[in-house]
Structure formats: structure tokens, C-alpha cells
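Numbering-wise, our numbering puts 73 at position 70 of the sequence shown, and it's gapless, one number per residue. These notes concern the structure reproduced below.
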Amino acid sequence: MKKILLKTEALSKSFSSGGSLQHVLKNIDLELYEGDFTVIMGASGAGKSTLLYALSGMDTPTLGTITFAEQVISNLNQDELAVFRRDHCGFVFQQIYLIDGMSVMDNVLAAGLLACRDRKAVLKKATELFAAVDISEETQKKFPTQISGGEAQRSGMVRALINSPEILFADEPTGALNSKTGLDVLDTLTRFNEMGQSIVMVTHDMRSARRGNRILYLKDGVILGECDLGKYASHVPDDGARQEKLSSFLTEMGW
């Protein structure tokens, strides 16, 4: 039986806009499991990113609870949430947010040293991760403006993983990349998931979504349905049955 990593109960999020209250998330009950590659899909405005930010402690819910490993994180203050994110979460965004004035390696070391003061240990972990995503030593010494979009996104993944997070959160990680570099990023995410990394990803892209084993479809702030695709097999590059099952599910959801 899968271990529950994160759980929500009656999770709701509302915003005040133009004098009226907009209910973006509505009473969501959800369990996320260790080792899963969970994908959140839905039309624009469905609440996908809002849900991701709430699950990761980047935003606080209006109502309801979020529990991570028996800790109710929805009750934490901002300083406590910052520590929670540092110690348990990794983040990969469409915009990579590497610091321009620091080398690629220093960007990663800065994140790692926030959690571990042993620079030698952090450097060793960073070197191993850069090798895993095929970023050369020469590229590690460059500034973010000197490398390609694909290299920057893979470097962003190294930064996200440097503190060995229980969950990696990804918000449209291939959205700003061309087809080839986007595929490289998806392959990297898949490899880490195959090694046991739990991933939660928001995407509009069916090619990206096929990498997940669990697809959640969000509509008007509620989870309308979910689809179990099973684990993606990296040795089967063109799984027509998988694509057909996802397409059928999305059509049923009104995609």
C-alpha cells in the first residue's frame, strides 16, 4: 500500500476581486502518495497553480487543512512555512529564476547551504546532480545568461533537488522551452521519478502529462476526475495505448 505523503481536507482558497469574493479552490480532499508522478491538468483559471502553491506551502488556504507527514502545515506562520519549503520541497517553474550575478554552480550551492553548512557535502551532492542531468563542469562555471534554456531548466532542477526534497513541485516546467529541450527536461524528471522522487506537476501539455502515473483534472476549483496511467516506461518511447487512455480521459473531462 502506498504511503500518504501529503493530504488535504476541505481545502479552499478565495480571493477578493472588485468587491466580490472569488472561490478558486472549493473543498478539495486529496491524498498524494510517495513515489508518484502526479499531474494536475485543467483549463486556464481552473485553479491549478493555486492548488500547487497551497500544497507546497507557498500560499495559505482560506479554509481547510494541509497535512504533510502528520504535520498540519496550513497552521504554520510564514517563517515556519519557509523552513518547511527549504527542508521538504523542491520547485521548478516555467521561469527559472536563477540569479544572474552568480554562476550556475553558485546558484545551486547557495540553495544547498541554506539547509546544510557542510560546503564540501553540498558541493559533492551538486556535482552528482549536475552529472545526472548532463550539465558539464564548464557550463556550471557560466552565468545563467550564458547558457541555453534547456541547460538553465536542468540546472534549476539541480537547485530544486539539492536539499533532497520529499516532493518536487513543477509548474509548467517545459512551457518556455522548444520541443527538443522540453523533451530533455521531461526525460530528466522521469529519471528522477524512476529513482523514487515524488513529483507534482502542473501542465497544459499532453506530452508532458503522459509522463505522470496519476492525472488529476481540475475544473472550477474542484477535482472533476482522475486517471491512473500507471508508471511511465522510459524504455517504451511511443506508448500509443497510454496516449489514447489520456486523450479519452481528457475528452470525458471536457478538455
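Even glycine gets a Cβ: it sits at the ideal position worked out from N, Cα and C.
Asked                                                                                                                                                                                            : Found
For a test of the three-state rule: what should DSSP assign to residue 36, helix, strand or coil?                                                                                                : strand
Might you give, ordered along the chain, the residues of its own chain that have their beta carbon closer than 8 angstroms to the beta carbon of residue 25, omitting 5 neighbours on each side? : 17, 18, 19
Go ahead and label residue 226 buried or exposed: buried means 16 or more other beta carbons lie within 10 angstroms of its beta carbon, across all protein chains shown.                        : buried
Output needed for residue 66: all residues of its chain with C-beta closer than 6 angstroms, excluding positions within five of it in sequence on either side, in chain order.                   : 15
On the three-state DSSP scale, how would you describe residue 62?                                                                                                                                : coil
I'd like to check one pair, residue 184 with residue 151: are the Cβ atoms closer than 8 angstroms?                                                                                              : yes
Which one of 155, 59, 154 has the shortest CA to CA distance from residue 204?                                                                                                                   : 59
Throw me the rounded Cβ distance for the residue 94 and residue 46 pair, which I believe falls under 8 angstroms.                                                                                : Contact doesn't hold; Cβ gap of about 23 angstroms is too wide.
From which residue to which residue does the beta strand (DSSP E) around residue 139 run?                                                                                                        : Here residue 139 belongs to no beta strand (DSSP E), and DSSP marks it neither H nor E.
Which whole runs of the beta strand (DSSP E) in the stretch 72-129 are 3 residues long or more, in chain order?                                                                                  : 92-96
Rounded to whole angstroms, what's the CA-CA distance from residue 134 to residue 250? Just pull it up for me.                                                                                   : 35 angstroms
For the stretch 88-103 against the stretch 28-44, are there 3 or more C-beta pairs whose distance is under 8 angstroms?                                                                          : no
Pairing CB atoms from the stretch 96-107 with CB atoms from the stretch 129-145, are three or more of them under 8 angstroms?                                                                    : yes
For residue 174, count neighbouring Cβ atoms within 10 angstroms of its own Cβ and tell me buried if that reaches 16, exposed if not.                                                            : buried
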